[in-house]
Amino acid sequence: MSANPTSVFGKEVRAVVTLSVIFLGVFTSYNSVQNLQSSINQEKGLGVLSLMCVYSTMMISSVLSPLAIQKLTAKGVIVLSCSVHLVYAATNFYPRYWTILPASFLLGSISGMFWAAQATYVATCSFSYADRLSQENSYILGRFYSLFGAIFVGSGIIGNLISSLLLRLDSTPENLNTTMGNSSFMYNISMLTQNESRLPEVICLARFCPANVKGGSSRPLLQSKTSLYYLLGAFVCFILLALGIAIFLLPPISNKQRNGQQRKSTCSVAASSIRLFKDRKLLLLCPSFVAMGWSQSFKWTDITQAYISCTYGVSYVGYLMATHGACFAISTPILSRVAKIVGRARLLLLLYMLYVVLHIGYMILPDNISLPVLFVILGIHGALEGPISAQLQATVALMFENKKEPAFANLGFWRSLSNTVYFAVGNYVCVQDKLITLLIFYFATIIFTIAAEKIYNNEQRTIRLRNIKEAELKEEKNKDDLYNHTI
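Residue numbering for the sequence shown follows our numbering, starting at 7 and increasing by one per position.
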């Protein structure tokens, strides 16, 4: 591989760290604003409606991400996405239907491309690093995605702590709005302004049903919006910093189509995500994409609401989710090294099985669950979720090395579809039913992942045998040429 002015050759690790810091800044803002939406924008369900807009349009943008990456490059998509996130955060200073909803559609229309660009960028850096140092692609992919995940998870910890500190300065302790019809099914540390007692007349844990929570207070969440404005201002600063880093410090990755290969037509690139469905491996991996989205939504909504806020009060949400994030960050790079020993596929399947056991545990937890046990469970959850995400992305990049953009576009599409469905039914389905659905997804994921790995291994074996045969034929030809030349 030859270096060129626009490649990351020789600076792959720095490029991935830079990208991770950009996502850390952007999602420190977005994750907190997302969790605040259903709490501070309760009028006619504006907050939840905005989230629906984001994730529904994100499905479409995921399909179109290969075209966007080809036209704008991965760095261009990242810079544009940071700019749109800035607009979205700014509109929350004046939340109205005509400000929030257009911004939500705009954000969703770029978010799928944002994540596809991230995955493509990390994969490109991984392959470059592996080629340069003659190391195994699967191991380097796992390491680089783990590095990204370990830094990125800090966004949830930082955002939650900032929300807690700033909003608590202007709290209304007496208020506990538990109305679920058009308002929140997402509790977060940002709701520390509420009463910390157990939700009245509500069954918690797996038997918790949002539709059964009635009543509420008409008093506002905050006595004034001063602290909220400080909070949004801090988030805008985070995104501005990330945007500056993306523009001035993020190295661009070389575009193969610009370096001697004929560029594909616009229609061909746009349809590449759909055509990839002809690949059996992608079809077999789809359940894992759906399961990932469903489990993320379960964490964002029901764990914080039914397992933490309902049992011990919202003041513990931040501590427990920080524990989750810390274990996520610690375990991800550690298990990426374990993958080199036991193998990527074996590790991923083992993690899936442990994840199933964990969610069965969520179903059978007793009502009198102790706080230390909750800390342990959330820590285990984070320790499993991080490596699963990293190894799944590594699997996609490895199985579709020459089709990374459409492969990651499909991952984003199915994950966003799963998020959208979860948000849509969240107010009307009990936690136990959502957990059963999640377990079904993961049982299917384990079975189909084994099948996908078998197909991939057979393909690699065929390629190796063909290469050996071609090498033998070439060697025989060279011997014949040498013999003829001697004669």
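C-beta: ideal position from N, C-alpha, C; glycine also.
May I ask you to report which of helix, strand or coil DSSP gives residue 334?
helix
Put residue 185 into one of helix, strand or coil per three-state DSSP.
Low confidence applies here, because residue 185 scores a pLDDT of 33, under 50, leaving its location unreliable and the question unanswered by this model.
Which runs of the beta strand (DSSP E), 3 residues or longer, sit entirely within the stretch 440 to 482?
none
Helix, strand or coil at residue 371 [DSSP, three-state]:
coil
Buried versus exposed call for residue 210 [16 or more other C-beta atoms within 10 Å across all chains shown]:
buried
Would the stretch 120 to 133 and the stretch 410 to 418 be scored as touching if the rule is three or more Cβ pairs under 8 Å?
yes
Just tell me which of 452, 430, 469 and 450 has its CA closest to the CA of residue 217.
430
Less than 8 Å between the CB atoms is what I'm expecting for residue 61 and residue 426, so what's the real figure, rounded?
4 Å
Cβ neighbours of residue 88 in the same chain (closer than 8 Å, five flanking residues each side left out)
28, 32, 245, 248, 249 and 252
Residue of 34, 473 and 78 minimising C-alpha distance to residue 260:
78
Tell me the residue span of the alpha helix (DSSP H) that contains residue 242.
232 to 254
Residue 385 and residue 156 closer than 9 Å at C-beta
no
Report yes if the C-beta distance between residue 241 and residue 134 is below 9 Å; otherwise report no.
no
Measuring straight from C-alpha to C-alpha, what distance separates residue 396 and residue 331?
14 Å
Between the stretch 443 to 459 and the stretch 285 to 299, do three or more beta carbon pairs fall short of 8 Å?
yes
C-alpha gap between residue 474 and residue 467, whole angstroms
11 Å
Going by CA-CA distance only, name the one from 374, 403 and 361 that's closest to residue 389.
361
May I have the straight-line CA-CA distance separating residue 213 from residue 371, to the nearest angstrom?
10 Å
Test item: CB-CB of residue 147 and residue 404 under 9 Å:
yes
Sort 293, 36 and 357 by Cα distance to residue 114 and report the nearest one.
36
On the DSSP letters alone, give me the boundaries of the alpha helix (DSSP H) that residue 287 sits inside.
286 to 304
Is residue 114 helix, strand or coil by DSSP?
helix
DSSP-derived helix/strand/coil call for residue 322:
helix
Count the other C-beta atoms from every protein chain shown that fall within 10 angstroms of the C-beta of residue 373, then say buried if there are 16 or more, exposed otherwise.
exposed
How far does the alpha helix (DSSP H) with residue 411 in it extend, from its first residue to its last?
410 to 431
Contact between the stretch 103 to 119 and the stretch 353 to 367: three or more CB pairs below 8 Å?
no
Measuring CB to CB, does residue 317 end up less than 9 Å from residue 375?
yes
Just to confirm before moving on: does the CB-CB distance between residue 84 and residue 153 stay below 9 Å?
no
Are there 16 or more other CB atoms within 10 angstroms of the CB of residue 197, so buried, or fewer, so exposed?
Here residue 197 scores only 39 on pLDDT, less than 50, and its place in the model should not be relied on; the value that follows carries that caveat. Buried: at least 16 other Cβ atoms inside 10 Å.
Cβ distance (whole Å) where residue 110 is taken to contact residue 56 below 8 Å:
4 Å
Candidates 237, 151 and 105: which alpha carbon is nearest residue 167's?
237
How about residue 142 and residue 346: are their beta carbons less than 9 Å apart?
yes
Tell me the DSSP secondary structure of residue 362 in three-state form.
helix
Pairwise C-alpha distance: residue 13 and residue 349
30 Å
Let me know if residue 243 comes out buried or exposed under the rule of 16 or more other beta-carbons within 10 Å of its beta-carbon.
exposed
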